[in-house]
Amino acid sequence: MSAIKISDGIIKDEILVIGVATKSGKGALQLESGELALDSKALISTLNDLGATGKADEVTLVPGTSTRLIAVTGLGKASTVYSDETLRRAAGAAARALAGNSSATFSLPAKHVSAVKAIAEGAALGSYLFDQFRSSTKAAQKSPLKNINIYSSQIKGADAKVLTESAQTISKYTTLVRDLINTPPSHLTPDSFSKIITDAIKEAGGAALGLRVTVLNESQLRSKGYGGIIAVGQGSANPPRLVHVSYTPKGAKALKKYAFVGKGITFDTGGLALKPAQGMEAMKSDMSGAAAVCAAAIAIAVLKLPVAIDAWAPLAENMVSDSATRPSDIITMYGGKTIEVLNPDAEGRLVLGDALVRAQEEGDLDGIIDVATLTGAQVVALGKRTSAVMTNDENFSQHFLAMAERSGESFWPMPLPQELRASLDSPVADMANIGDRMGGMLVAGLFLKEFIADTLPWLHLDIAGPAYNEGVAHGYTPVGGTGIALRTLVTLAEDVSD
Ligand code: BES
Ligand code: MN
Ligand code: ZN
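For the sequence shown, the working numbering gives the first residue as 14, with consecutive numbering after it.
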């Protein structure tokens with residue numbers, strides 16, 4: 014993990030990161046070196062010679078005079094104020110381009126403290142490498158930056174410490190989420206997932222921080238009536254689990270209490286509704302929601318925020334075998350509702366239904382948020398970089414969307430149209446697990462809503478596309494697991510702590 018420091022000095026034998034933007038109309042370049050005065054004329058002519066355009070995700074490396082190297086990162090259109098997310102991405106792109114080097118100082122146009130934090134986050138999040146499973150090709154991988162220095166006089170002392178700790182924690186736990194997603198199902202089962210989370214909690218400080226973890230195994234799940242989790246996991250040799258991470262702030266009253274519930278399918282073959290080979294490869298990412306909620310709870314504890322969190326991760330592997338759930342099987346969910354499983358590939362809602370009901374048994378909740386790679390329909394509707402928010406409480410949703418904006422994660426509100434609900438009716442059980450194909454993301458949301466008390470503010474986040482980047486790296490987002498949702502969950506907890 015990279016160490017972040019805010020400093021008002023630049024070490025000579027280092028790399029300097031500055032920005033460049035495109036002046037509107039003329040296509041001319043404008044250097045954006047923040048608080049650092051630079052001889053821009055010579056540099057601009059070099060950048061022109063090299064064909065730099067200033068667009069986002071373009072990083073140009075030029076030899077420095079007072080520093081060894083200058084990395085010039087594109088900010089897009091020139092502006093008097095750049096958004097935090099523009100800076101976060103530009104810092105991330107630069108950090109990725111600088112892999113193989115040990116440290117760099119970022120001097121970018123930050124007008125507010127939040128921009129300084131965004132730069133720190135972007136640089137740290139762009140400094141990610143997943144090489145655990147490489148052997149002969151391991152040595153050829155370039156190590157991420159070890160030291161990230163932010164050149165700024167805007168923030169000093171204790172404030173700078175709080176800010177760097179938050180950025181550092183967000184980066185550390187985003188790394189945990191990404192690593193879990195990238196770990197293949199050969200090495201990540203419901204049991205090993207629960208052990209990794211248990212270890213991460215110990216490493217973070219455990220009970221001393223107010224963190225506790227409990228794990229239900231298969232026989233406990235069966236005897237307590239978790240019919241959804243059991244039905245999804247029963248075709249696999251790797252039995253299901255239910256992880257509960259609870260955080261109760263130490264020495265301060267909790268100002269709010271939230272439950273986070275994350276879909277934890279360690280691999281989704283589709284079960285007897287087997288997926289085609291092409292759509293199946295990415296299904297190691299089907300536990301992204303579970304990873305995000307567990308890591309967010311730990312991060313919130315590490316930051317000692319005065320907010321109580323219950324994170325729930327129902328974990329199962331959706332496999333094909335003679336013990337797998339058959340289309341038309343009827344199961345009894347935790348809490349007693351019966352479900353006709355018409356499609357075993359609509360499994361996320363089954364494990365989530367159980368966990369949502371269990372989560373509401375803990376009292377005093379101010380809200381409940383589920384996070385899931387739930388539907389292909391989400392990707393069709395919003396693409397691969399924008400996640401959906403569905404809700405029974407407009408205020409909660411508005412608050413969450415504002416926090417998503419602040420954290421730089423792209424979320425968009427989606428409706429839960431009542432007229433689609435009837436399509437989930439079953440002729441033989443309380444409900445079927447699939448309904449209308451059109452609007453499939455909303456139908457899935459309506460299914461989950463049946464497991465939520467009317468009076469409890471609830472958000473359903475469908476992150477199917479954004480959880481896993483099958484394209485190229487961009488900004489601070491690597492190929493593979495992205496860590497989406499963690500930042501907004503932590504930002505929400507930070508916001509209600511003020
Ligand atoms: N895990 C998938 C959803 C998914 C698809 C996530 C693509 C990420 C990328 C989910 O379990 C699933 O298979 N959903 C079905 C539901 C359908 C059978 C109602 C889908 O979306 O096709
Ligand atoms: Mn599925
Ligand atoms: Zn799935």
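For every residue, glycine included, the Cβ atom is placed at its ideal position computed from N, Cα and C.
Query raised in the report: Do you know whose CA, among D26, S420, V126, R101, lies nearest P175's CA?
Result: Taking the first residue of the sequence shown as position 1, residue 175 is located at position 162. At residue 175 the sequence reads Val, which differs from the Pro that was named. Closest option to V175, Cα to Cα, is V126.
Query - Cβ-Cβ distance between G223 and K266 below 7 Å - result: Position 210 of the sequence shown, counting from 1, holds the residue named residue 223. Position 253 of the sequence shown, counting from 1, holds the residue named residue 266. No.
Query raised in the report: With respect to the beta strand (DSSP E) encompassing D281, which residues constitute its N-terminal and C-terminal limits?
Result: Counting from one through the sequence shown, the residue named residue 281 turns up at place 268. It spans 277-281 - the beta strand (DSSP E) in which D281 sits, taken as one unbroken run.
Query raised in the report: Regarding D358 and the ligand MN, is the C-beta to nearest heavy atom distance less than 6 Å?
Result: Here residue 358 refers to the residue found at position 345 of the sequence shown. Yes; taking the cut-off as 6 Å, the Cβ of D358 has a heavy atom of the ligand MN nearer than that.
**Report entry** Helix, strand or coil at L189 [DSSP, three-state]
**Finding:** Stepping through the sequence shown from its first residue, residue 189 is reached at position 176. Three-state result, L189: helix.
Query raised in the report: How would you call F206, buried or exposed, if buried means at least 16 neighbouring beta carbons within 10 angstroms?
Result: Within the sequence shown, the letter at position 193 stands for residue 206. It counts as buried.
Query raised in the report: With respect to 6 Å, is the separation between the Cβ of I278 and the closest non-hydrogen atom of the ligand ZN below this value?
Result: On the sequence shown, residue 278 is found 265 positions in, with the first residue counted as 1. I278 Cβ: within cutoff of the ligand ZN.
Report task. Below 8 Å on the Cβ atoms is my guess for A112 versus P157; work out the distance and round it to an integer in Å. Result -> Along the sequence shown, read from residue 1 onward, the residue named residue 112 stands at position 99. Along the sequence shown, read from residue 1 onward, the residue named residue 157 stands at position 144. Contact flag correct, Cβ pair sits at about 5 Å.
Report task. Go ahead and pull the three-state DSSP assignment for I242. Result -> For the purposes of this step, residue 242 is identified with residue 229 of the sequence shown, where counting begins at 1. DSSP places I242 in helix when its eight states are reduced to three.
Query raised in the report: Among the residues of its own chain, which have a CB less than 7 Å from the CB of L44, if the five just before and after it don't count?
Result: Working through the sequence shown from its first residue, we reach residue 44 at position 31. These residues qualify, in order along the chain: I31, V33, L51, S53, L56, I57.
Query - Helix, strand or coil at S334 according to DSSP, with G and I counted as helix - result: Numbered from its first residue, the sequence shown carries residue 334 at position 321. Coil, per DSSP.
Query raised in the report: According to DSSP, what are the bridge partners of R254?
Result: The count along the sequence shown starts at 1 and reaches residue 254 at position 241. R254 pairs with L328.
Query raised in the report: Hey, would you say D172 sits closer than 7 Å to A128, going by beta carbons?
Result: Stepping through the sequence shown from its first residue, residue 172 is reached at position 159. Stepping through the sequence shown from its first residue, residue 128 is reached at position 115. No; because the gap between Cβ atoms is not below 7 Å, this pair is not in contact.
Report task. With hydrogens ignored, establish whether the beta-carbon of G361 is closer than 6 Å to any heavy atom of the ligand ZN. Result -> One-based indexing of the sequence shown puts residue 361 at position 348. Because some heavy atom of the ligand ZN lies under 6 Å away, the Cβ of G361 counts as near it: yes.
Query raised in the report: Should S439 be flagged as near chain B, meaning a C-beta pair shorter than 7 Å?
Result: Protein chains in the displayed structure number just one, and chain B is not present.
Report task. Identify which residue in G376, E294, G366 has its Cα closest to the Cα of G238. Result -> To locate residue 238, count along the sequence shown from 1; it is residue 225. Out of G376, E294, G366, G366 has the C-alpha closest to the C-alpha of G238.
Query raised in the report: Contact between the region 325-333 and the region 229-248: three or more CB pairs below 8 Å?
Result: yes
Query raised in the report: Residue range of the alpha helix (DSSP H) that A117 falls in?
Result: In the sequence shown, the residue the question calls residue 117 occupies position 104. First-last for A117: 116-119, but that is the beta strand (DSSP E), not the alpha helix (DSSP H).
Report task. Consult DSSP for M14 and reduce its assignment to one of helix, strand or coil. Result -> As a first step, residue 14 is located in the sequence shown; it is residue number 1 there, counting from the start. Coil.
**Report entry** Reduced DSSP secondary structure (H/G/I, E/B, other) of S301
**Finding:** As a working mapping, residue 301 is identified with position 288 in the sequence shown. In this structure, S301 counts as helix in the three-state DSSP scheme.
Report task. Put G170 into one of helix, strand or coil per three-state DSSP. Result -> Locating residue 170 in the sequence shown gives position 157, where the first residue counts as 1. Here G170 sits in helix by DSSP.
Requested in this report: Output the residue ranges of the alpha helix (DSSP H) runs that lie fully inside the region 424-473 and measure 4 residues or longer, sorted by chain position.
Outcome: 453-462
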